[in-house]
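K.L.:
Just so we're aligned: 284 in the working numbering is position 279 of the sequence shown, and the numbers increase by one with no gaps anywhere. All C-beta atoms in this analysis are idealised placements derived from N, C-alpha and C, irrespective of residue type, glycine included. In this text, all values refer to a predicted model and were calculated from it rather than measured experimentally. I have a structure here, written as structure tokens, and I will follow up with some questions on it.
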Amino acid sequence: MMERTPLQPPVIPALPAGVKRPLWSVMIPAYNCGRYIQRTIESVLMQAPAEKLMQIEVVDDASTDIDLQSLVHKTGNGRVKYFRQVNNVGSLRNFETSINRARGHYVHILHGDDFLSPGFYDEAAMLFKQFPSAAAVFTAFTQVNEQGTFICNSEIPASQPGIIPGWLSIIARNQKLQPPAVVVKREVYEKLGSFFGVHYGEDWEMWVRIAARYPMAHSPKKLAHYRVHDENISSHSLVSGQHIKDIASVINTIQNYLPAPEKKIWMRAAKKNWSLYFARTADKTYGKYKQPRQALRQAKMAYQLHRNQVSFFYMAKTFVKLAIGWKVKDR
């Protein structure tokens, strides 16, 4: 039996010779995201080319919330294929399955709670055509909440489409991407392997792994939408505190990909950036999730990741609130 969390990048074999291949594979890994996946599928179908050009498939990690197969067949009307794991294998193995089942030259892993704006695939195709050396392309994106309401825009690294100069130094210091915005050539996964090691930050590790070896091209158009909600892995990790341990592990892993002269500088920058982020999200754990002791633990872990004044302030703030018995009012 394979381990749920692979310790090394799982191998992605090349497809057998003679296999008919579409240009695109849109693989939709899903687990208990029945509230959101219809919009995900519809956002692909409204801009999908013919089936011979684009494979669309939901890869279900044994969901229990709804009859996902029926929803896929009803929404996809035969255009969207469905595959279900026999047992729940976890997100990393489900991503691996998704990539292995992908037959297209370009693989888009679109999580079952995210969605796209019209024109995403046209923009990605333009980037691959204009910048053929790119191993992966990405657009700008937004973050939205459970209802699909706008939260914030992603940072835009350049005002014009193109290869991002010094991209490795940017992405190695902080997570700048989210999965719905990124399309990767299948041959790149074949050379580098799939996602591994952690369940929070595994995508960041992959983007750094790719950027360390290949160019990546970017479009400033906001055409992908990453959903933040209490059921996704990110939110579960936020409450448990595992997210900080995972990111510390990823920071150590990506040192293997970085040039020797810069790696220590970039590692310190990454630790500080994530420390600041985690220190601020400790407030969310205290307030939204009403778990003050867990919030204090997170604030301490954030400060331990990188000792700086801002992280110390949030740690002290959380400690004082807990000491005086400060309670969150129900809204």
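Using the Cα positions of leucine 50 and alanine 130, report the straight-line distance between them to the nearest angstrom.
P.N.:
Cα-Cα distance, rounded: 16 Å.
K.L.:
Is the Cβ-Cβ distance between glycine 206 and aspartate 251 less than 8 Å?
P.N.:
For glycine 206 and aspartate 251, yes; Cβs fall inside 8 Å.
K.L.:
Rounded to a whole number of angstroms, what is the C-alpha to C-alpha distance between glutamine 152 and tryptophan 209?
P.N.:
In a straight line, the C-alpha of glutamine 152 is about 25 Å away from that of tryptophan 209.
K.L.:
Indicate whether arginine 214 and arginine 98 have their beta-carbon atoms separated by less than 8 Å.
P.N.:
Result no, Cβ atoms of arginine 214 and arginine 98 do not sit closer than 8 Å.
K.L.:
Tell me the rounded alpha-carbon separation between isoleucine 176 and alanine 274.
P.N.:
Roughly 11 Å separates the two Cα atoms.
K.L.:
Where does alanine 222 sit, in a helix, a strand or coil, going by DSSP?
P.N.:
Three-state result, alanine 222: strand.
K.L.:
Helix, strand or coil for tyrosine 291 per DSSP?
P.N.:
Of the three classes helix, strand and coil, the one that applies to tyrosine 291 here is helix, per DSSP.
K.L.:
Looking only at DSSP bridge pairs, what is leucine 121 linked to?
P.N.:
DSSP output for leucine 121 lists Ala229 as bridge partner(s).
K.L.:
For lysine 277, I'd like the list of residues in its chain whose CB is within less than 7 Å of its CB, leaving aside the five on either flank, ordered along the chain.
P.N.:
Once the five neighbours on either side are set aside, the close Cβ partners of lysine 277 are His311 and Asn313.
K.L.:
Beta-carbon separation of isoleucine 42 and alanine 53 under 8 Å?
P.N.:
Cβ distance not < 8 Å, so isoleucine 42 and alanine 53 don't count as in contact.
K.L.:
At what residues does the beta strand (DSSP E) containing methionine 7 begin and finish?
P.N.:
That residue, methionine 7, is in no beta strand (DSSP E); it is neither H nor E in DSSP.
K.L.:
Specify, as a first and last residue, the run of the alpha helix (DSSP H) that isoleucine 46 falls within.
P.N.:
Its alpha helix (DSSP H) spans residues 42 to 50.
K.L.:
Relative to the C-alpha of proline 266, which candidate in Gly330, Ser174 and Gly246 has its C-alpha closest?
P.N.:
Closest option to proline 266, Cα to Cα, is Ser174.
K.L.:
Just how far apart, CA to CA, sit alanine 300 and glycine 202?
P.N.:
Roughly 25 Å separates the two Cα atoms.
K.L.:
Given isoleucine 46, which residues of its chain have a CB within under 8 Å of its CB, disregarding the five upstream and five downstream residues?
P.N.:
Answer for isoleucine 46: Ile33, Ile61, Val63, Val77, Thr80, Gly81 and Val85, listed in chain order.
K.L.:
Please return the same chain residues whose Cβ sits closer than 7 Å to the Cβ of glutamine 13, not counting the five positions on each side in sequence.
P.N.:
Contacts found: Phe201.
K.L.:
What distance in whole Å lies between the Cβ atoms of alanine 229 and threonine 154, which are believed to be in contact at a cut-off of 8 Å?
P.N.:
Incorrect: roughly 16 Å between the Cβ atoms, too far for contact.
K.L.:
Are the beta-carbon atoms belonging to threonine 290 and glutamine 303 less than 8 Å from one another?
P.N.:
Cβ atoms of threonine 290 and glutamine 303: closer than 8 Å.
K.L.:
Measuring CA to CA, which of Gly83, Arg40 and Lys269 is closest to alanine 55?
P.N.:
Selected option, being the one with the closest Cα: Gly83.
K.L.:
What are the residues that DSSP puts in a beta bridge with methionine 59?
P.N.:
The partner list for methionine 59 (beta bridge, DSSP) reads Trp29.
K.L.:
Hey, quick one: how far does the alpha helix (DSSP H) through histidine 248 stretch, first residue to last?
P.N.:
Unbroken alpha helix (DSSP H) run through histidine 248: 247 to 259.
K.L.:
Anyone know if the C-beta pair for histidine 223 and glycine 171 falls short of 8 Å?
P.N.:
No, they are not a contact pair.
K.L.:
If we require 4 or more residues per run, which alpha helix (DSSP H) segments fall completely within the region 124 to 156?
P.N.:
The qualifying runs are 125 to 135.
K.L.:
What's the C-alpha gap between threonine 286 and proline 27?
P.N.:
Threonine 286 and proline 27: Cα-Cα distance of roughly 42 Å.
K.L.:
Compute the distance between the beta-carbons of histidine 110 and arginine 191, then report whether it is under 8 Å.
P.N.:
Yes, these two residues count as a Cβ contact at 8 Å.
K.L.:
Have a look at the DSSP bridge pairing and note the partners of lysine 305.
P.N.:
According to DSSP, which records beta bridges pairwise, lysine 305 is partnered with nothing at all.
K.L.:
CA-CA distance, valine 94 and glutamate 101?
P.N.:
Their Cα atoms are separated by approximately 10 Å.
K.L.:
So, for glutamine 296: in the same chain, excluding its five sequence neighbours on each side, which residues have a beta-carbon less than 6 Å away from its beta-carbon?
P.N.:
Excluding positions up to five away in sequence, the list reads Thr290.
K.L.:
Could you have a look at proline 185 and say whether DSSP puts it in helix, strand or coil?
P.N.:
Looking at proline 185 - three-state DSSP - the assignment turns out to be helix.
K.L.:
Classify leucine 58: buried if its beta carbon has 16 or more other beta carbons within 10 angstroms, exposed otherwise.
P.N.:
Its Cβ having fewer than 16 others within 10 Å, leucine 58 is exposed.
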